[in-house]
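Sequential numbering from 1 applies to the sequence shown in the UniProt record's numbering.
Before any comments, here is the structure.
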Amino acid sequence: MMAAPVSLLLEFGGGAELLFDGIKKHHVTLPIQTEPWDVRHLLTWIRENLLKERPELFIQGESVRPGILVLINDSDWELMGELDYTLQNQDNVVFISTLHGDYVLPGRGKWVPLCASYTFVQENAPQYNGSGTAGEESSPLAQTFDRVLLSCKEALFIP
Numbered sequence: 001m002m003a004a005p006v007s008l009l010l011e012f013g014g015g016a017e018l019l020f021d022g023i024k025k026h027h028v029t030l031p032i033q034t035e036p037w038d039v040r041h042l043l044t045w046i047r048e049n050l051l052k053e054r055p056e057l058f059i060q061g062e063s064v065r066p067g068i069l070v071l072i073n074d075s076d077w078e079l080m081g082e083l084d085y086t087l088q089n090q091d092n093v094v095f096i097s098t099l100h101g102d103y104v105l106p107g108r109g110k111w112v113p114l115c116a117s118y119t120f121v122q123e124n125a126p127q128y129n130g131s132g133t134a135g136e137e138s139s140p141l142a143q144t145f146d147r148v149l150l151s152c153k154e155a156l157f158i159p
């Protein structure tokens with residue numbers, strides 16, 4: 001049985017778009033293949049068809065490299081099965097680089113990664129208050145943003 005073509009919206013943010021000629025949104029149709037399209041196959045297709053430079057900054061082995069947050073239809077891919085998630089027609093897959101560049105914070109005397117995720121959150125979810133206190137009753141997207149923002153605070157030594 002052949003898997004039907006799958007149309008997706010792929011989005012890249014937080015600096016990841018720079019690896020894709022600076023283009024943040026890509027409407028793509030994945031071709032017919034013998035197996036259903038999953039994220040593992042998608043990453044291979046992205047590497048072969050969209051990625052323009054420095055694949056080591058996006059792909060590590062058969063997955064995304066650490067520091068790339070993946071959302072599928074506004075849910076953390078960890079909740080969706082990660083590489084094994086079977087893609088559906090019209091899915092929205094977002095890749096956000098959570099860390100990029102090295103900067104010295106004044107008075108810290110230490111190199112720390114600069115988080116770009118907060119900017120992505122502000123641009124893509126203006127209703128999100130950024131409190132870092134989303135409870136279990138909050139949407140998966142709010143919980144994911146909280147996790148990213150808490151990571152940024154830890155990386156930047158913010159209490």
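Cβ atoms here follow ideal geometry from the backbone N, Cα and C, with glycine treated the same way.
The residue among L9, I32, P31 with its C-alpha nearest the C-alpha of K24 is L9. P36 is positioned such that its CB atom lies no closer than 8 Å to that of R47.
Assignment of F58 by DSSP, reduced to helix, strand and coil, places it in the coil class. Just so you know, the alpha carbons of L42 and G14 end up roughly 20 Å apart. For I46, the enclosing alpha helix (DSSP H) has its first and last residue at 39 to 49.
DSSP, reduced to helix, strand and coil, places A4 outside both helices and strands of the structure shown, so it counts as coil.
Membership of L79 in the alpha helix (DSSP H) is indicated by the continuous run 77 to 80.
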